[in-house]
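The next block holds one structure in the form of structure tokens; read it before the comments.
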Amino acid sequence: MSVIEVTLGWYAEHRRDLPWRRPEAGAWGVLVSEFMLQQTPVNRVLPVYQAWLERWPKPGDLAAESSGEAVRAWGRLGYPRRALRLHAAAAAIAERHGGVVPAEYEELRALPGVGDYTAAAVASFAYGRRHAVLDTNVRRVLARAYSGEQYPATSVSAAERALAVSLLPEEPSRAAAWAAASMELGALICTAKNPRCAACPAAELCAWRKAGRPEHTGPARKGQSYAGTDRQCRGALLAVLRQAHAPVEADVLFAAWADEAQRGRALRSLLEDGLAVRTAGNQYSLP
DNA sequence: CATACGTGGGT
DNA sequence: TACCCAAGTAT
1 MSVIEVTLGW YAEHRRDLPW RRPEAGAWGV LVSEFMLQQT PVNRVLPVYQ
51 AWLERWPKPG DLAAESSGEA VRAWGRLGYP RRALRLHAAA AAIAERHGGV
101 VPAEYEELRA LPGVGDYTAA AVASFAYGRR HAVLDTNVRR VLARAYSGEQ
151 YPATSVSAAE RALAVSLLPE EPSRAAAWAA ASMELGALIC TAKNPRCAAC
201 PAAELCAWRK AGRPEHTGPA RKGQSYAGTD RQCRGALLAV LRQAHAPVEA
251 DVLFAAWADE AQRGRALRSL LEDGLAVRTA GNQYSLP
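Be aware that the first sequence starts at 1, since it is given in UniProt numbering, and climbs by one per residue.
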């Protein structure tokens, strides 16, 4: 038995029944879920995903809306530029692909907000294509099971990608299943903090466990600060715009953040990003 | 290659 | 409480 075999067997039994994994989700459902899941946990995505697909069942439906409605519907998922990019991706799909989410990696990769991971994930999960799908979960599983290390490096290395490619089953549908299964294993068992090795189907084969689960050596991973940052300020300002259904006066917006210099900087960046627009006079709204 | 970019739940 | 971190992308 190999890590791949036991993981596929485990997945068949333990996979979560997530809405974007159902056949009726389609490629559009998969694409929407991938955008929302970029750096955001499953349980927070769930309700927003459901509402999103009910409102915009096809890419063309979203493309026909203003980008501001996408930002509003995005709610508090975080990183609202993703909502803008998903809206732009929907427009590109409507224009260039006849309203159908493309199946080719290169075409997916060319869409706004679709990077290497998302292009591989959509091609794999929605269309059963054979791609190395390297998200944080898969990377951790590979680091442990095959490289004997607690954590993968900060960015994907050539060696790491080569390993992932070498592992890919020949049969595309099986490769796609392995992508989903290894991701699920990383999410549920081979977790970052307290891995549940006792419940892991690959425990006997795991290089990291065989080595005695050595601690990560090297520089500690960079933590992300948030409190008091420009990011938090942007979030506070945007929350006001999301809740308002008409342009708001600058005064109202400024009441959301005390530091004048910081909120000025934040508002300017929101305008630059296209997350906010200045309307008549001194008023602001979603685009 | 490092950094900016939201938010909230778990420990 | 403070810190960690969650299906990344663009610059």
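Quick reminder that beta carbons are idealized off the backbone N, C-alpha and C, glycines included.
Sheet register partners of residue i (DSSP bridge)
{"i": "residue 360", "result": "Nothing about residue 360 can be reported from this structure: the residues present for the chain run from 1 to 287 only."}
{"i": "Glu249", "result": "Gln283"}
Candidates the options: closest to residue i by CA position
{"i": "Tyr151", "options": "Asp230, Trp208, Asn43", "result": "Trp208"}
{"i": "His87", "options": "Val133, Thr191, Tyr117, Leu31", "result": "Leu31"}
{"i": "Ser147", "options": "Leu77, Ala119, Pro214", "result": "Pro214"}
{"i": "Ala244", "options": "Pro195, Val141, Gly99, Gly75", "result": "Gly75"}
{"i": "Glu95", "options": "Ala120, Leu62, Thr118, Leu77", "result": "Leu62"}
{"i": "Pro187", "options": "Arg139, Thr217, Leu167, Tyr105", "result": "In the sequence as presented, Pro is not what sits at residue 187; that position holds Ala. Selected option, being the one with the closest Cα: Arg139."}
{"i": "Thr191", "options": "Thr217, Arg161, Ser269, Asn137", "result": "Asn137"}
{"i": "Gly264", "options": "Arg55, Ala164, Arg231", "result": "Arg231"}
{"i": "Ala123", "options": "Val100, Ala143, Arg144, Ala145", "result": "Val100"}
{"i": "Leu270", "options": "Thr279, Arg81, Ala121, Asp259", "result": "Arg81"}
{"i": "Arg44", "options": "Leu77, Glu13, Val3", "result": "Leu77"}
{"i": "Glu249", "options": "Asp17, Thr279, Trp20", "result": "Thr279"}
{"i": "Pro112", "options": "Ala153, Ala120, Ile93, Asp17", "result": "Ile93"}
{"i": "Thr154", "options": "Gln50, Lys222, Ser66, Glu24", "result": "Lys222"}
{"i": "Leu237", "options": "Ala211, Ala220, Val277", "result": "Val277"}
{"i": "Ala121", "options": "Leu205, Gly29, Leu53", "result": "Gly29"}
{"i": "Ala239", "options": "Trp10, Gly212, Leu108, Leu267", "result": "Leu267"}
{"i": "Ser2", "options": "Val114, Ala145, Glu106, Pro247", "result": "Ala145"}
{"i": "Leu8", "options": "Tyr226, Ala181, Pro247", "result": "Ala181"}
{"i": "Glu160", "options": "Glu149, Ala73, Arg196", "result": "Glu149"}
{"i": "Asp273", "options": "Ile4, Ala64, Arg85", "result": "Arg85"}
Helix, strand or coil at residue i according to DSSP, with G and I counted as helix
{"i": "Met183", "result": "helix"}
{"i": "Lys210", "result": "helix"}
{"i": "Leu134", "result": "coil"}
{"i": "His97", "result": "coil"}
{"i": "Ser66", "result": "coil"}
{"i": "Gln262", "result": "helix"}
{"i": "Ser2", "result": "coil"}
{"i": "Gly29", "result": "helix"}
{"i": "Thr191", "result": "coil"}
{"i": "Cys197", "result": "helix"}
{"i": "Ser173", "result": "helix"}
{"i": "Ala11", "result": "Residue identity differs from the one stated: residue 11 is Tyr in this sequence, not Ala. DSSP places Tyr11 in helix when its eight states are reduced to three."}
{"i": "Tyr127", "result": "helix"}
{"i": "Tyr79", "result": "coil"}
{"i": "Ser269", "result": "helix"}
{"i": "Pro59", "result": "helix"}
{"i": "Glu107", "result": "helix"}
{"i": "Ala143", "result": "helix"}
{"i": "Glu34", "result": "helix"}
{"i": "Glu204", "result": "helix"}
{"i": "Ala89", "result": "helix"}
{"i": "Ala73", "result": "helix"}
{"i": "residue 332", "result": "For the chain, the structure presents residues 1 to 287; residue 332 sits outside this window and is missing."}
{"i": "Glu149", "result": "coil"}
Boundaries of the alpha helix (DSSP H) in which residue i is found, first to last residue
{"i": "Cys233", "result": "230-243"}
{"i": "Val165", "result": "158-167"}
{"i": "Gln50", "result": "42-55"}
{"i": "Gly20", "result": "Reading off the sequence, residue 20 comes out as Trp, not Gly. Neither: Trp20 is in no alpha helix (DSSP H) and is coded neither H nor E."}
{"i": "Thr154", "result": "Where Thr154 is concerned, there is no enclosing alpha helix (DSSP H), given that its DSSP letter is neither H nor E."}
{"i": "Glu215", "result": "Here Glu215 belongs to no alpha helix (DSSP H), and DSSP marks it neither H nor E."}
{"i": "Ala256", "result": "Run containing Ala256: none; DSSP gives neither H nor E here."}
{"i": "Val114", "result": "First-last for Val114: undefined, no H or E at that position."}
Next on the checklist: Under 8 angstroms, with one C-beta from each stretch per pair, do the segment 192-207 and the segment 36-55 reach the 3-pair mark?
Outcome noted: no
Checklist entry - Are at least three pairs of beta-carbons, each pair with one atom in the segment 172-191 and one in the segment 125-138, less than 8 angstroms apart? => result yes
Checklist entry - When the Cβ atoms of the segment 247-257 are set against those of the segment 277-284, are three or more pairs found closer than 8 angstroms? => result yes
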